[in-house]
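Peer 1: If you read the protein sequences in the order shown, they are chains A and B. Residue numbers 320 to 611, in the numbering used here, belong to the letters of the first sequence in order. Residue numbers 18 to 493, in the numbering used here, belong to the letters of the second sequence in order. Where a beta carbon is used, it is the ideal one built from N, C-alpha and C, also for glycine. Submitted below is the structure of interest, expressed as structure tokens.
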Amino acid sequence: MFIVNHRKIFIGISGLLVALAIFSMSYFGLNFGIDFVGGSLLEIKYENERPSPVDLQSIIESVGIGSSLIQPVGELGYSIKVRDITDAEKNSLLVALGQEVEEVGFNSVGPSVGAELVKKSIISFILVALGIILWVAYSFRKVSKPVSSWKYGITAILALVHDVTITAGVFAVLSHFMHTDIDTLFVVAILTVLGLSVSDTIVMFDRIRENVRNKQSKTFEENVGESIIQTYPRSLLTSITTILVLISLIIFGPASTKILAITLTVGMVIGTYSSIFLASPLLVIFKNLQKK
Amino acid sequence: MLKTRIKALLIVLLGVGLGFFVYYSEINKDNPEPSSNKVVNFISRFPFKLGLDLSGGSHLVYKADLSNVEKAEVSNSMNSLRDIIERRVNIFGVAEPMIQVQEGSFTNNYEERLIVDLPGVTDVSEAIKMIGQTPMLDFRTEVPKEETGEEVEGEEAEAEKLTYKVNEAGQLVPDYDSLFQLTDLTGRFLDKAVLNFDQTTGEAMVSLQFDKEGADLFKQMTTENVGKTIAIFLDGYPISIPVVNEAIPDGQAIISGNFTPKEAKELVDRLNSGALPVPISLVSTQTIGASLGDEATQAGVFAALVGFLAVAIFFILWFRLPGVIAVLALSIYTLVMLSIFKLVPVVLTATGIAGFIISIGMAVDANVLIFERIKEELREDKEDLATSIRNGFKRAWLSVRDSNISTIITSIILYSFGTTLIKSFALVLLIGVVTSLISAVLVSRLFLYSLNFKRRSKFTEFMFGSGFTNAKQVIK
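Structural data, given as structure tokens:
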């Protein structure tokens with residue numbers, strides 16, 4: 320009951336977090352990677368000793384590729400981000416860099432491919448959200464008293480928007496200090512957070528649905544409060560186990576999936592918080608609005 | 018009861034069997050010597066299929082310029098373009114290349130694309146050069162043969178004279194140069210190829226129409242070669258070797274042979290694409306060095322192991338007996354997943370491994386829901402232990418199902434919209450969620466039932482307790 324009674328405080332905390340997330344996104348900005356805006360990323364490794372980034376920059380400019388963004392990788396490597404270059408331009412750059420350099424990886428994305436990915440990401444996001452609203456409304460179709468089934472759906476979506484916004488906000492801070500870009504995997508992470516967050520909320524709502532049906536003598540608030548008490552151990556346990564594997568992925572996993580794992584971990588934490596502290600209290604508020 | 022126990026035993030045996038399958042198919046994969054054991058030989062044919070980011074290789078995306086192609090012909094042109102490039106890549110000697118047409122849709126402004134994956138190729142410059150050529154169609158005549166006195170007709174003659182040479186990639190290929198010589202007639206002079214059917218026999222035929230210059234060349238060629246064969250080459254490979262029956266003056270040739278309509282159609286497509294080349298341009302390149310891929314694979318496997326162990330230890334400490342059972346079910350789940358990866362086969366990428374690791378976490382979720390529910394049923398103290406376990410499973414099923422469906426929806430949408438990396442993630446997650454539902458509901462339940470708990474005692478009180486909760490509080 321504690322959470323339902325103090326629902327205004329928890330909704331306030333959530334509101335504050337969302338505001339902070341929006342602020343961090345607008346303050347630090349979201350760096351879109353070459354996946355989205357096009358460009359080339361060349362990862363190289365030196366045999367013995369690597370030159371300073373400034374020297375490297377002048378070599379790159381000397382072949383006529385123009386400005387570059389250089390970041391160290393490990394002890395002997397660099398990752399070089401430049402405009403969308405052709406295979407021939409890349410080869411002349413490698414020649415200019417000298418014999419000591421080994422090409423570890425190269426990724427070049429044309430602007431049309433990037434634009435497509437942006438569209439695809441937006442469409443998948445909308446489709447996932449729609450699919451989830453429809454599914455929640457469908458699975459709660461038999462519960463229309465005292466709160467109609469589509470309100471469960473809307474509440475689930477509100478919780479979801481909350482989770483995604485905060486996750487993106489945390490990511491903006493991380494990407495500012497860790498110099499990472501938003502790439503395809505970030506979109507994957509966000510969409511997976513959508514799925515996981517909603518599944519958590521659904522388990523909670525499922526219990527509310529059952530309690531409302533079986534214990535009609537109690538008020539809606541009491542039933543919601545009881546449902547939270549009954550389901551939070553499960554929410555926490557599930558999150559803990561999933562976060563355990565995610566942490567192992569962050570620490571030991573391949574470099575290419577680190578950002579994915581970090582974003583998912585943040586999303587899991589926020590998703591668990593919102594299903595316990597936000598979704599159910601919101602449902603109570605919706606019910607009270609209905610009365611008036 | 019006996020039946021339940023036999024079923025549980027069968028599942029354990031199945032798990033052991035899958036374990037052997039996964040283990041032996043991995044340790045023998047690098048062994049070039051065939052083992053004396055036939056079973057081991059057979060299962061060695063199912064290695065994990067690694068994506069480009071793990072095995073190293075190149076990923077090229079081409080845009081096709083179809084502005085000169087009629088709308089109805091787009092799909093045909095793209096398919097023949099794919100066939101041609103596939104042949105070129107094969108000549109290059111790439112093991113298991115993957116070439117796909119990505120149809121235009123509203124997300125990419127209706128650009129038709131061709132995606133070329135070349136595993137193991139890290140020097141793309143040469144590959145790019147070779148792929149980028151326009152399809153080459155040419156007509157060749159027989160190299161004048163020495164008189165042998167014996168006349169052998171058609172394909173048999175060809176087979177007898179065919180010699181072989183070793184190409185750049187070290188493959189043995191037929192040496193066509195000893196059989197046919199180049200002429201001036203190339204695809205440049207072909208107006209179009211059309212699929213026809215013989216009006217009396219209904220046989221499929223391919224008719225060719227040359228332009229004026231081509232008609233003259235063709236006339237000269239056929240006059241000189243009556244009774245001999247003329248070979249039609251596409252990208253250096255003969256696609257049809259018809260025999261000339263008579264001189265053809267009007268630039269209209271008919272190739273009839275033992276075509277099935279499908280074969281004839283394919284030939285028409287190839288001829289047309291040779292005649293009407295589709296220009297392509299490179300829009301995206303990705304090369305992953307082999308060392309980067311190796312590191313990623315090792316890191317991914319290690320992370321999966323650590324993640325699995327962490328979950329197993331946490332589970333056994335927290336849930337005690339049901340925890341042990343869940344870990345057993347989870348092990349079988351993992352083995353089933355690994356076997357599916359091998360048998361389907363699912364192409365594994367770094368994101369795929371991440372999806373698998375996450376699915377381990379989610380497979381646990383179903384078990385947690387069920388065990389928490391069993392504990393609640395026990396707290397209510399109405400029924401005996403066995404009934405509580407049964408009710409726990411029954412009541413938890415709905416929320417297990419509902420919560421997993423949202424992940425299923427997400428992964429299906431991700432799969433249908435994504436690029437290769439996203440697809441791999443979504444597919445593994447989808448297979449993982451479905452498998453984990455089955456594993457939690459069938460396997461865990463079967464194991465718990467087969468232990469046949471009936472009475473409540475100090476022992477069962479402890480075994481079904483969890484976390485910091487005193488067992489007494491759970492089972493009053």
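Based on the DSSP output, what are the partners of K400 (chain A) in its beta bridges?
Peer 2: Here residue 400 (chain A) refers to the residue found at position 81 when the first sequence is read from its first residue. Paired residue(s): A:L360 and A:L388.
Peer 1: Would DSSP call I501 (chain A) helix, strand or coil?
Peer 2: Counting from 1 along the first sequence, the entry for residue 501 (chain A) is found at position 182. Looking at I501 (chain A) - three-state DSSP - the assignment turns out to be strand.
Peer 1: Measure the alpha-carbon distance for V381 (chain B) versus P64 (chain B) and round it to whole angstroms.
Peer 2: Numbered from its first residue, the second sequence carries residue 381 (chain B) at position 364. Numbered from its first residue, the second sequence carries residue 64 (chain B) at position 47. Whole-angstrom Cα-Cα distance: 27 Å.
Peer 1: Do you know whose CA, among A:H498, A:G429, A:K327 and A:Y551, lies nearest I521 (chain A)'s CA?
Peer 2: By 1-based counting over the first sequence, the position of residue 521 (chain A) is 202. Comparing Cα-Cα distances from I521 (chain A) to each of A:H498, A:G429, A:K327 and A:Y551, the minimum goes to A:Y551.
Peer 1: Using C-beta distances below 6 Å, list every residue in its chain close to E421 (chain A), excluding the 5 sequence neighbours before and after it, in chain order.
Peer 2: Residue 421 (chain A) sits at position 102 when you count from the first residue of the first sequence. K364, listed in sequence order.
Peer 1: I258 (chain B) by DSSP, collapsed to three states: which one?
Peer 2: Here residue 258 (chain B) refers to the residue found at position 241 when the second sequence is read from its first residue. I258 (chain B) falls in the coil class under three-state DSSP.
Peer 1: Run through DSSP, which three-state label would D140 (chain B) get?
Peer 2: Reading the second sequence from its first residue, position 123 is the one you call residue 140 (chain B). Coil, per DSSP.
Peer 1: Would you check if the stretch 30-46 of chain B and the stretch 73-88 of chain B touch, i.e. whether three or more CB-CB distances between them fall below 8 Å?
Peer 2: Judged by Cβ distances under 8 Å, the stretch 73-88 of chain B makes no contact with the stretch 30-46 of chain B, as fewer than three pairs qualify.
Peer 1: Hey, would you say S567 (chain A) sits closer than 7 Å to A320 (chain B), going by beta carbons?
Peer 2: Indexing the first sequence from 1 puts residue 567 (chain A) at position 248. Indexing the second sequence from 1 puts residue 320 (chain B) at position 303. Their beta carbons are under 7 Å apart, which means S567 (chain A) touches A320 (chain B) by this criterion.
Peer 1: Which residues bound the alpha helix (DSSP H) around L339 (chain A)?
Peer 2: Stepping through the first sequence from its first residue, residue 339 (chain A) is reached at position 20. Residues R326 to F347.
Peer 1: Roughly how many angstroms lie between the CA atoms of V353 (chain B) and V458 (chain B), to the nearest whole one?
Peer 2: Along the second sequence, read from residue 1 onward, the residue named residue 353 (chain B) stands at position 336. Along the second sequence, read from residue 1 onward, the residue named residue 458 (chain B) stands at position 441. Rounded to whole angstroms, V353 (chain B) to V458 (chain B) spans 15 Å at the Cα level.
Peer 1: Keeping to the same chain, check which residues put their C-beta closer than 7 Å to that of T561 (chain A); ignore five residues upstream and five downstream.
Peer 2: Stepping through the first sequence from its first residue, residue 561 (chain A) is reached at position 242. For T561 (chain A), where only same-chain residues beyond five positions count, the Cβ hits under 7 Å are M587.
Peer 1: What residues of chain A sit near V160 (chain B), judged by a beta carbon separation below 8 Å?
Peer 2: Residue numbering aside, residue 160 (chain B) sits at position 143 when the second sequence is read from its first letter. Here the premise fails: no neighbours, minimum Cβ distance about 38 Å.
Peer 1: Let me check one thing: in DSSP terms, what residues is H76 (chain B) bridge-paired to?
Peer 2: Indexing the second sequence from 1 puts residue 76 (chain B) at position 59. BP columns for H76 (chain B) point to B:D134 and B:Q303.
Peer 1: Just the Cα atoms here: how many angstroms apart are I422 (chain B) and F373 (chain B)?
Peer 2: Residue 422 (chain B) sits at position 405 when you count from the first residue of the second sequence. Residue 373 (chain B) sits at position 356 when you count from the first residue of the second sequence. I422 (chain B) and F373 (chain B): Cα-Cα distance of roughly 17 Å.
Peer 1: With respect to the beta strand (DSSP E) encompassing D401 (chain B), which residues constitute its N-terminal and C-terminal limits?
Peer 2: Along the second sequence, read from residue 1 onward, the residue named residue 401 (chain B) stands at position 384. That residue, D401 (chain B), is in no beta strand (DSSP E); it is neither H nor E in DSSP.
Peer 1: Roughly how many angstroms lie between the CA atoms of S427 (chain A) and G433 (chain A), to the nearest whole one?
Peer 2: Looking up residue 427 (chain A) in the first sequence gives position 108. Looking up residue 433 (chain A) in the first sequence gives position 114. When rounded, the distance between both Cα atoms is 10 Å.
Peer 1: Using only CA atoms, which one of A:L556, A:S594, A:V585 and A:R532 lies nearest to I547 (chain A)?
Peer 2: To locate residue 547 (chain A), count along the first sequence from 1; it is residue 228. For I547 (chain A), the nearest C-alpha among the options comes from A:S594.
Peer 1: Mind checking if N426 (chain A) is an interface residue toward chain B, Cβ cutoff 7 Å exclusive?
Peer 2: If you number the first sequence from 1, residue 426 (chain A) lands on position 107. Closer than 7 Å: yes.
Peer 1: From A383 (chain B) to L454 (chain B), what does the alpha carbon distance come to, in whole angstroms?
Peer 2: The count along the second sequence starts at 1 and reaches residue 383 (chain B) at position 366. The count along the second sequence starts at 1 and reaches residue 454 (chain B) at position 437. So the alpha carbons of these two residues sit roughly 7 Å apart.
Peer 1: Mind checking F206 (chain B): buried by the 16 CB within 10 Å criterion, or exposed?
Peer 2: To locate residue 206 (chain B), count along the second sequence from 1; it is residue 189. Buried, since its Cβ has 16 or more Cβ neighbours within 10 Å.
Peer 1: What runs of the beta strand (DSSP E), each 3 residues or longer, lie entirely inside the stretch 411-466 of chain A?
Peer 2: Counting whole runs of 3 or more residues, the stretch 411-466 of chain A contains the beta strand (DSSP E) stretches 420-428.
Peer 1: Taking the C-alpha atoms as reference points, what is the distance between S456 (chain B) and G357 (chain A)?
Peer 2: For the purposes of this step, residue 456 (chain B) is identified with residue 439 of the second sequence, where counting begins at 1. For the purposes of this step, residue 357 (chain A) is identified with residue 38 of the first sequence, where counting begins at 1. Near 43 Å, if we compare the C-alpha coordinates of G357 (chain A) and S456 (chain B).
Peer 1: Name the DSSP beta bridge partners of R157 (chain B), please?
Peer 2: As a first step, residue 157 (chain B) must be located in the second sequence, where it is residue number 140. R157 (chain B) pairs with B:L199 and B:A248.
Peer 1: Please name the residue in B:E230, B:F336 and B:T200 whose C-alpha comes closest to that of D267 (chain B).
Peer 2: Taking the second sequence and counting its residues from 1, one reaches residue 267 (chain B) at position 250. Checked all of B:E230, B:F336 and B:T200; the closest Cα to D267 (chain B) is B:E230.
Peer 1: So what does DSSP say about N350 (chain A), is it helix, strand or coil?
Peer 2: The residue labelled residue 350 (chain A) in the question sits at position 31 within the first sequence. Of the three classes helix, strand and coil, the one that applies to N350 (chain A) here is coil, per DSSP.
Peer 1: Helix, strand or coil, according to DSSP, for D525 (chain A) in the structure here?
Peer 2: On the first sequence, residue 525 (chain A) is found 206 positions in, with the first residue counted as 1. Helix at D525 (chain A).
Peer 1: Just to confirm before moving on: does the CB-CB distance between V364 (chain B) and G68 (chain B) stay below 7 Å?
Peer 2: By one-based count along the second sequence, residue 364 (chain B) stands at place 347. By one-based count along the second sequence, residue 68 (chain B) stands at place 51. Yes.
Peer 1: Let me make sure I understand the geometry here. Which of A:R553, A:F444 and A:V337 has the alpha-carbon closest to that of F505 (chain A)?
Peer 2: On the first sequence, position 186 is the one that residue 505 (chain A) refers to. It is A:F444.
Peer 1: Please report how far the alpha carbon of I473 (chain A) lies from the alpha carbon of V460 (chain B), in whole angstroms.
Peer 2: Along the first sequence, read from residue 1 onward, the residue named residue 473 (chain A) stands at position 154. Along the second sequence, read from residue 1 onward, the residue named residue 460 (chain B) stands at position 443. One C-alpha to the other measures close to 36 Å.
Peer 1: For I521 (chain A), which residues in chain B fall below 9 Å Cβ to Cβ?
Peer 2: For the purposes of this step, residue 521 (chain A) is identified with residue 202 of the first sequence, where counting begins at 1. Neighbours of I521 (chain A) on chain B, chain order: S416, D419, S420, I422 and S423.
Peer 1: Could you pull the start and end residues of the alpha helix (DSSP H) that L563 (chain A) belongs to?
Peer 2: Working through the first sequence from its first residue, we reach residue 563 (chain A) at position 244. That run of the alpha helix (DSSP H) goes F539 to F571.
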